[in-house]
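Taken in order, the sequence shown gives residues 1 to 302; the numbers are from the UniProt record's numbering.
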Amino acid sequence: MYKTIGLSYRMGQRTVSNIVCQVCEAIWRRLQPIYMPEPTVEIWKNIALEYERKWQFYNCLGAVDGKHVAIRKPLLSGSSFFNYKQYFSVVLMATVDANYRFTSVNVGSMGRFSDGNIFANSPLGKMLYNGSLDLPEPKPLPGQNTPTPYVFVGDEAFPLMRNLMRPYPKARVAGSYQNKVFNYSLSRARQTVESVFGILAARFRVYKSPFECKLDTIDKIVLATIGLHNYLRTKILSIATGQEENDEVLTNSHENHFIPLALNRTRNSTEAFNIRQKFTECFNSAVGSVEWQRRAIERGQF
């Protein structure tokens, strides 16, 4: 990468490397406070309202996912960055809102770590585990009287927690229409994060091949692309007619550039099971269901 840029501008590779680092750092430092600020209770509530309006998932704070970003093997790193897909990587862990914007990111975890370790040691994971994340007070789901916590939604790579919902396993879906409805509802809400990774990989060509630079530079480049992505979503893409439909084309475009985390086998708490059951009952009720869910379930795999 640096060699090509250096030849184009008649600069040495070290000079180009320093410029790239400084520019990416400046982009993130300037854009992050404006376009990806630290969420407050009010911001969380607005995100939840958008998820309810656009994706019919109630009390939803966002979708969470992690992807492996391919890198060249760092010097003297041994197998530290060698992942389960048999290549070297760092992990990008992120949450997104209903409008395809990042709300929190953590980049740089070694690819060899299990998904459970990566999530548990990320800032979001730590705050969810110790209950220090400043979230809105629980509120009842439609048609229910008892309060239900606000939650993030994730796939099978994440644990089932008080504030984090994952799908029912296949063994509990077979023969259970209600559980299929929950998995369908969660899948609709969770596709926002899959779409964001697709948009990111399609927009920034740096993700099309393994990164060949120092680890701290990789972090800065990734953060810069995330800052620019949020800027574009807020300032340009959000005003384009039919943009959301266009984004759907990019949903799967990240498949060859970002690799998902491995499945999680963690034991889950009774409280988390009960919360998921409340969501299941809501999505199967007259006030919490959507008219097209039966058709979608009959033709899909949930």
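For glycine and all other residues, C-beta sits at the position ideal for the given N, C-alpha and C.
Keeping to the same chain, check which residues put their C-beta closer than 6 angstroms to that of C211; ignore five residues upstream and five downstream. As written in the sequence, residue 211 is Phe, which differs from the Cys given in the question. Once the five neighbours on either side are set aside, the close Cβ partners of F211 are I71 and I218.
Option in G6, N59 and P140 with minimal Cα separation from M165: N59
Starting from the Cα of N46, find the closest Cα among G78, I19, L135 and P167 and give me that residue. L135
In whole angstroms, give me the CA-to-CA distance for L124 and N130. 10 angstroms
Going straight from the alpha carbon of V96 to that of A63, what length do you get? Whole-angstrom Cα-Cα distance: 5 angstroms.
Exposed or buried, which one is I199 when buried takes at least 16 other CB atoms within 10 Å? Buried: at least 16 other Cβ atoms inside 10 Å.
Contact belief for N83 with S89 at Cβ below 8 angstroms, rounded distance in angstroms: 5 angstroms
Could you work out which residue in A157, I118 and S104 is closest to L133 when comparing CA atoms only? S104
Indicate whether N284 and V181 have their beta-carbon atoms separated by less than 7 angstroms. With contacts defined by Cβ atoms closer than 7 angstroms, N284 and V181 form a contacting pair.
Once DSSP output is grouped into helix, strand and coil, what is the label at Y87? coil
Enumerate in chain order the residues of its own chain whose CB-to-CB distance from residue 305 is below 7 angstroms, with the five nearest sequence positions on each side excluded. This structure gives no information on residue 305, because the portion of the chain shown stretches from 1 to 302.
Three-state secondary structure assigned by DSSP to F279: In the structure shown, the three-state DSSP call for F279 is helix.
Closest residue to V69 among T234, M93 and L75 (Cα-Cα distance): M93
Quick check: what's the CA-CA separation for N99 versus Q293? 22 angstroms
Hey, W28 and K220 are a contact pair by Cβ (cut 8 angstroms); roughly how many whole angstroms apart? 7 angstroms
Using only the alpha-carbon positions, how far apart do L250 and F197 sit? Caution applies to L250, whose pLDDT of 49 falls short of 50 and renders its modelled position unreliable; the model cannot decide the point.
So, with DSSP's three-state summary, where would you put F273? helix
Measuring only the C-alpha atoms, how far is R276 from N183? Distance between the alpha carbons of R276 and N183 is about 10 angstroms.
Tell me whether D216 sits in a helix, a strand or coil according to DSSP, three-state version. helix
Check this for me: beta carbons of G227 and Q32, under 7 angstroms apart or not? yes
Tell me the DSSP secondary structure of E245 in three-state form. Confidence in E245 is poor, its pLDDT being 44 and thus under 50, which makes the residue's placement unreliable; the coordinate value appears in the next sentence. Reduced to three states, the DSSP call for E245 is helix.
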